[in-house]
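S.K.: Encoded as structure tokens, here's the structure I'll be asking about.
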Amino acid sequence: MPPSLSDLEQRREVLAQRIAELGDLRPGSITGTSGRCGKPECHCHQPGQPGHGPNFRLTYKLDGKTISQALPTRAAIQKAEREVQEFRRFQQLTREFLGTNAEICRLRPLEEEAETEAEKKTAEAIRQEITREVEQFLRVLFQDRRNTGRMDLEATEMAMRATLHRAGAAALSQLLQFPAPRGEGARWLALAANKPTTANSAASRC
Numbered sequence: 014m015p016p017s018l019s020d021l022e023q024r025r026e027v028l029a030q031r032i033a034e035l036g037d038l039r040p041g042s043i044t045g046t047s048g049r050c051g052k053p054e055c056h057c058h059q060p061g062q063p064g065h066g067p068n069f070r071l072t073y074k075l076d077g078k079t080i081s082q083a084l085p086t087r088a089a090i091q092k093a094e095r096e097v098q099e100f101r102r103f104q105q106l107t108r109e110f111l112g113t114n115a116e117i118c119r120l121r122p123l124e125e126e127a128e129t130e131a132e133k134k135t136a137e138a139i140r141q142e143i144t145r146e147v148e149q150f151l152r153v154l155f156q157d158r159r160n161t162g163r164m165d166l167e168a169t170e171m172a173m174r175a176t177l178h179r180a181g182a183a184a185l186s187q188l189l190q191f192p193a194p195r196g197e198g199a200r201w202l203a204l205a206a207n208k209p210t211t212a213n214s215a216a217s218r219c
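Given below as structure tokens:
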């Protein structure tokens, strides 16, 4: 059975987390070379003498140019090996991430995209309304404290309750403008609007 849209979205989250957890990485390949140097007097040119090496180097591309970096010690070689291996993991995870996203794009219906965009706009409008009410409350509170030099806790509590009431009313107003949801969401929105569903409408969903 092919994975559902929800399964793919969960898979994408897992892959994104794995990519975020990667350590130091860089592309390239590690090679070892052996041979005689360019100094005729060196021992490597004597009969029966082995050449120098192996000398290990990390080779990679940068802006279209081939870069070669010497790895003079075993510690440097091991460090480069870890970084290159981590880059290979990054490539594999990236391929899986892109493939999963392609499947998500293929399966996601147009209607869901439209609803998601409407949800984002509604959430942003609610956030702005609540922020406006809270900022207004704080301005009045701090101005009163500056003027009187004290804070009336009872008046502050009443003002906070009124602020939350107005913020809730503004949020509900935005929700009631949202396109009517289906299923259980429709029942919730009807209750929020103080228009409870009837027993017949509830039974029709069973």
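The sequence shown begins at 14 in our numbering and counts up one residue at a time.
By construction, the Cβ of each residue, glycine as well, lies at the ideal position given by its N, Cα and C atoms.
Which residue's Cα is closest to the Cα of residue 171: 186, 185, 154?
M.R.: What you label residue 171 is simply residue 158 of the sequence shown in a count that begins at 1. Nearest C-alpha to residue 171: 154.
S.K.: Could you pull out every residue in the same chain whose Cβ sits closer than 6 Å to the Cβ of residue 81, ignoring the five residues on either side in sequence?
M.R.: For the purposes of this step, residue 81 is identified with residue 68 of the sequence shown, where counting begins at 1. 70, 72, listed in sequence order.
S.K.: Rank 115, 183, 157 by C-alpha distance to the C-alpha of residue 22 and give the top, closest one.
M.R.: Taking the first residue of the sequence shown as 1, we reach residue 22 at position 9. Out of 115, 183, 157, 115 has the C-alpha closest to the C-alpha of residue 22.
S.K.: If you draw a straight line from the alpha carbon of residue 108 to that of residue 150, how long is it in whole angstroms?
M.R.: In the sequence shown, counting from the first residue as 1, residue 108 sits at position 95. In the sequence shown, counting from the first residue as 1, residue 150 sits at position 137. Going from the Cα of residue 108 to the Cα of residue 150 covers about 51 Å.
S.K.: Would you decide whether residue 41 is buried or exposed? Buried here means 16 or more other CB atoms lie within 10 Å of its CB.
M.R.: Reading the sequence shown from its first residue, position 28 is the one you call residue 41. Flag for residue 41 reads buried.
S.K.: Nearest chain C C-beta to residue 129 closer than 9 Å, yes or no?
M.R.: Structure shown: chain C not included; a single protein chain is present.
S.K.: Alpha carbon to alpha carbon, what distance is there between residue 144 and residue 136?
M.R.: The residue given as residue 136 occupies position 123 in the sequence shown. The residue given as residue 144 occupies position 131 in the sequence shown. Rounded to whole angstroms, residue 136 to residue 144 spans 12 Å at the Cα level.
S.K.: DSSP three-state label for residue 70, please.
M.R.: Here the question's residue 70 lines up with position 57 in the sequence shown. Strand, per DSSP.
S.K.: Would residue 67 pass as a contact of residue 46 if the rule is Cβ separation under 9 Å?
M.R.: Locating residue 67 in the sequence shown gives position 54, counting from the first residue. Locating residue 46 in the sequence shown gives position 33, counting from the first residue. Yes.
S.K.: I'd like to know whether the C-beta atoms of residue 106 and residue 31 end up nearer to each other than 9 Å.
M.R.: Your numbering for residue 106 matches position 93 in the sequence shown. Your numbering for residue 31 matches position 18 in the sequence shown. Against a cut-off of 9 Å, the Cβ pair of residue 31 and residue 106 comes out as a contact.
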